[in-house]
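A.B. asks: Residue numbers (the numbering used here), protein chains in the order written: chain A, 351 to 674; chain B, 3 to 494.
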Amino acid sequence: MSSLILSFDWYRVIVQPWVDDFPITFWIVLMGFLVTAACGLVGNFLLLRRMALVGDAISHSILPGLVVAFMIFKTATTWVAFTGALAAGILTVLIIEFIHRQSRVKPDAAICIAFTTLFALGVVLLSMLESAGSFHIDADCVLYGEIAFVPLEPPVVWSGYELGPPSVIRMALVLMAVALGIAVFYKELVVTSFDPGLAQSLGMRTAFWHYGLMGALALVVVSAFESVGAILAVAMLIVPPMFAAELSEQLPVRLGLTVLHAALSAVLGVHLSIWLNCSAAGALVVAAAFLFVIAWTTSQVRRHLGRRYAEPQAANVPVIGASS
Amino acid sequence: MRKLTGLALSLVCFALAVPEAAEAARINELSDSTLIGRAARFFSFSDPSLRNALAGSMLLGVCCGLMGSFLVVRKLSLLGDALSHAVLPGVALGFLWNMSKDPLAIFAGATLAGLLGAGTVQLLRATTRHKEDAALGFVLASFFGVGICLFTMIQNLPGGNKSGLDKFMFGQAAALGRSDVILLGVVTTLALVAIVVFYKEYTITSFDAGFARSIGMPVQAFHYSLMLLLAFAIVSSLQAVGVVLVSAMLVVPAAAAFLLTDRLGRMLIYSAIFGMISGGAGAFFSFVGRNLPTGPFMVLAAATVFAVSLFFGPRYGIFSRWWRQRSRSARISRENTLKAIYHVLEDQGFTSEQVSTHEMAERRRETLEEAQHQLGVLRRHEYVTMSDDGESVALTPAGWHRACEIVRNHRLWELYLTNAAHIPADHVHEDAEKIEHVLGEETVHMLEKRLNYANRDPHGRLIPGVEDMRLTVARQRGPTREAWFGKMPGRP
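(1) For arginine 131 of chain B, return the contacting residues in chain A, with the cut-off set at a CB-CB distance below 8 Å.
(2) According to DSSP, simplified to helix, strand and coil, what is glycine 218 of chain B?
(3) Out of A:Ala637, A:Leu468, A:Leu475, point me to the one whose CA is closest to alanine 143 of chain B's CA.
(4) Indicate the three-state DSSP secondary structure (helix, strand or coil) for glycine 514 of chain A in the structure shown.
(5) With distances taken between CB atoms, is the gap from methionine 471 of chain B to histidine 403 of chain B smaller than 7 Å?
(6) Within 7 Å of any Cβ in chain B, is that where the Cβ of threonine 442 of chain A sits?
(7) Taking C-beta pairs closer than 8 Å, name the residues in chain B that glutamine 452 of chain A reaches, listed in chain order.
(8) Give me whichever residues DSSP pairs with valine 357 of chain B in a beta bridge.
(9) Measure the alpha-carbon distance for threonine 207 of chain B versus proline 220 of chain B and round it to whole angstroms.
(10) Should the segment 60-67 of chain B be regarded as contacting the segment 269-287 of chain B, the criterion being three or more beta carbon pairs within less than 8 Å?
(11) Identify every run of the beta strand (DSSP E) within the segment 403-456 of chain B, keeping only runs that are complete inside it and at least 3 residues long; order them along the chain.
(12) Determine, using beta carbons only, whether arginine 658 of chain A comes closer than 7 Å to chain B.
(13) From leucine 118 of chain B to glutamate 435 of chain B, what does the alpha carbon distance come to, in whole angstroms?
(14) Mind checking the segment 461-480 of chain A against chain B and listing, in chain order, the residues whose C-beta falls within less than 7 Å of any C-beta there?
(15) CA-CA distance, serine 249 of chain B and arginine 336 of chain B?
(16) Taking the straight line between their C-alpha atoms, what separation do you get for isoleucine 271 of chain B and leucine 185 of chain B?
(17) Can you tell me whether isoleucine 355 of chain A is buried or exposed? The criterion is at least 16 other CB atoms within 10 Å of its CB, across all chains shown.
(18) First and last residue of the beta strand (DSSP E) that includes threonine 190 of chain B?
(19) If we count the other Cβ atoms within 10 Å of its Cβ and call it buried at 16 or more, is glutamate 25 of chain B buried or exposed?
(20) If we call anything under 7 Å between Cβ atoms a contact, is lysine 341 of chain B one with isoleucine 437 of chain B?
(21) Could one say the Cβ of threonine 154 of chain B lies closer than 7 Å to chain A's Cβ atoms, at least one of them?
(22) Can you tell which of B:Phe146, B:Ser181, B:Thr339 has the C-alpha that lies nearest to the C-alpha of serine 238 of chain B?
(23) Contact criterion: CB-CB distance below 7 Å. Does cysteine 389 of chain A meet it with respect to chain B?
(24) Using a C-beta to C-beta distance shorter than 8 Å, which residues of chain B count as neighbours of aspartate 359 of chain A?
(25) Taking the alpha carbon of arginine 333 of chain B as the point to measure from, which residue in B:Val440, B:Gln174, B:Ser354, B:Leu230 has its own alpha carbon closest?
(26) So, helix, strand or coil for tryptophan 368 of chain A, using DSSP?
(27) On the CB-based measure, 16 or more other CB atoms within 10 Å of its CB, does lysine 202 of chain B come out buried or exposed?
(28) Can you list, in chain order, the residues of the segment 133-147 of chain B whose Cβ is nearer than 7 Å to any Cβ on chain A?
(29) By Cβ distance, which residues of its chain are closer than 6 Å to leucine 449 of chain B, with the 5 residues on each side in sequence left out?
(30) In chain order, what residues of the same chain have a beta carbon less than 6 Å from the beta carbon of valine 74 of chain B, not counting five sequence neighbours either side?
(31) Using a Cβ-Cβ distance under 7 Å, would histidine 654 of chain A count as near chain B?
(32) Let me know if valine 328 of chain A comes out buried or exposed under the rule of 16 or more other beta-carbons within 10 Å of its beta-carbon.
(33) From what residue to what residue does the alpha helix (DSSP H) around methionine 388 of chain B run?
(34) Report buried or exposed for asparagine 454 of chain B, applying the criterion of at least 16 other Cβ atoms within 10 angstroms of its Cβ.
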């Protein structure tokens, strides 16, 4: 057991990463923050629409997308992989809607059927390609991702300046696009998420915004999976908004808290993974979940205290929901 | 009786679970050169490790199919997905227990983790405003994250590298040992016995929890016993299909069965059979094509079954529904043509049996070709006979009967709407146009009785009665018909 959980060495865990290995730690933390923030911002709207698990479905369907894109274009460059994965994500959403609309199968079962079937197809195609010896994707890598490899990428050089690893730059662009999209179309997103009926009566095209959000979801998940893997991208979609929702009811505040949570869990996660010498992506999720547990505890405590010390607003108005 | 058959089935499962042990790393270790050779070897069942893999896969299919049916009808499909990911830390802890892949330790650890996951989902739903999907996603992702951390930590341990724990991610039925198959057999038997003994209780708590609570049933206890069985099913299936695809084996066969029947009992049986077939097919394909993983083939087989029942299921299939709709609209169009013929005959005072194509086209405001086409359709259904020059048609007895029925339905309904619902007479036509095609004999008799066997509709036209349908057009002419109506028994 003692060799499983390494002793907590203050210097090794906290100081050394920022002093001796600064560039490596910096890029990993930054990447973790960008991924978590981008996913979390989109996740806020998914949670409002009760579609959190559509993200799960899309993230799984990336694998067949990658494999098919490779089979068609015969290369494995980033853009080919990206296009394939994005197309697979959109296809997943369409299949889910088809099954749900055309039969009496409930939407949750439809989600499960769609992504597992596509994932199985992806694994079969992959193992066929591999046994033909033409191609290799580490399927484990699709599942877990490897954020620790990010600093090893050759940096992007732009007019003489070294900007940083390409995946970090890409993720930063995605985060900016997501933030910009939310800022510009905030009103539409809010209205269509909370009250589709009202949105329709105001003349908004709810279907358009629905598919727009799905497109954004596919975009962030596809760009996130490289570093954190398919399944942990789901965590990044769901956990930050849940954390924010425990602490505030205002959507703008929640969006801000999501970004804060992303930064905190990136730092915490990296140190956790250094301490335990484990997968950085896994540690990132554990840290994010840990922060949620703290937020949940405080909100529970606050609620109980609030209930105990709440003063009735008027003497003759019964307090609804007070324990009898 | 059903309990007896259920118990017999469980015994069969138990017998399946005890094939000879063997220590082959892959099913197809002895390599035949051709596909056919390998297929032949598959069906000879001579290979003990193949027998293990096949028995394991089929048991897994039955077990997951049964438990999955409850997930699907309870709208908890994604709980299977969440739990299958949530057992991962339990698998790692079970491995750490004595640093080996001891099936029992892993089973215990994973079951605990699964139950903890199910409990967390309930807790989150009870204490936060988050909906089911968020709670499930949280459990899925955070437990999986912990599991991945533990896995990578184990890999750093001395001896942890060759632990073979990655088999749990994608699964390999060939890696099933005898003890795994026995475990699967025990779990399947347990599930079967539980479902057979508590069939009524599980049905009621699944479909109407409120009612079950009101008659004093321990709903929570049944829910958690189902969760326990589900965790058992997931954990024992992990080795063969892997974490990601267990949820498919739970949901896909059950969803296929859900599309075929409305009865839970039948759904359970279908789902178990589909699961078994998928399991067998998965084992077969992964044996025939070398080195191919088993789980994905099982899932693809199950997905094929689902696709077939989605499109061709007799009751809810997309194709079947489309076909039914098509034949219904063809029937409605035929009946509308018959009605038009009746109207033409009626306008002529039933003086002639022949209706010319011209009159039809005029009546329905269509081109001559359209009218000819429609009359041709009627002739093919033997509702009309066509004259030699093709210019006019006459109703056959069957056609006359059906035309009378439609007109009667229409006029009765108009009368009913004006008399009973007090809708103005000029507003009832549209409604009657639709209902005339679907009124059955029973309803018509009831309507006639309620309307006191009236013989004129709100617009003053005669409603054809049963006796009219027996007569041919020739005997309906003019005053004889009126006179005859007056004599009809039961009519005022």
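Glycine is no exception: its CB is placed at the ideal position from the N, C-alpha and C atoms.
C.D. replies: In this structure, then:
(1) Ala595
(2) coil
(3) A:Ala637
(4) strand
(5) Contact: yes.
(6) Output row for threonine 442 of chain A: interface = no.
(7) Leu312, Ile320
(8) Beta-bridge pairing links valine 357 of chain B to B:Val395.
(9) In a straight line, the C-alpha of threonine 207 of chain B is about 9 Å away from that of proline 220 of chain B.
(10) With three or more CB-CB distances shorter than 8 Å, the segment 60-67 of chain B counts as touching the segment 269-287 of chain B.
(11) none
(12) no
(13) 60 Å
(14) Ile461, Cys462, Ile463, Thr466, Thr467, Phe469, Ala470, Leu471, Val473, Val474, Ser477
(15) Going by the C-alpha atoms only, they are around 49 Å apart.
(16) 22 Å
(17) Classification of isoleucine 355 of chain A: exposed, given that the 10 Å Cβ count is below 16.
(18) Annotation: threonine 190 of chain B is outside any beta strand (DSSP E); the continuous alpha helix (DSSP H) that includes it extends over 180-199.
(19) Legend: pLDDT at glutamate 25 of chain B = 34, less than 50; position of this residue unreliable, no value from coordinates given.
(20) no
(21) yes
(22) B:Ser181
(23) no
(24) Under the 8 Å cutoff, chain B gives no residues; its nearest Cβ is about 16 Å from aspartate 359 of chain A.
(25) B:Val440
(26) helix
(27) Counting Cβ neighbours within 10 Å, lysine 202 of chain B comes out exposed, since fewer than 16 surround it.
(28) Lys133, Asp135, Ala136, Leu138, Gly139, Phe140, Leu142, Ala143, Ser144, Phe146, Gly147
(29) Leu414, Tyr418
(30) Ala256, Ala257, Phe260
(31) no
(32) The shown model of chain A, from 351 to 674, leaves out residue 328 of chain A, and the question about it has no answer.
(33) It is not in any alpha helix (DSSP H) - methionine 388 of chain B instead sits in the beta strand (DSSP E) that spans 386-388.
(34) Residue environment analysis places asparagine 454 of chain B among the exposed positions, since fewer than 16 neighbouring C-beta atoms fall within 10 angstroms of its C-beta.
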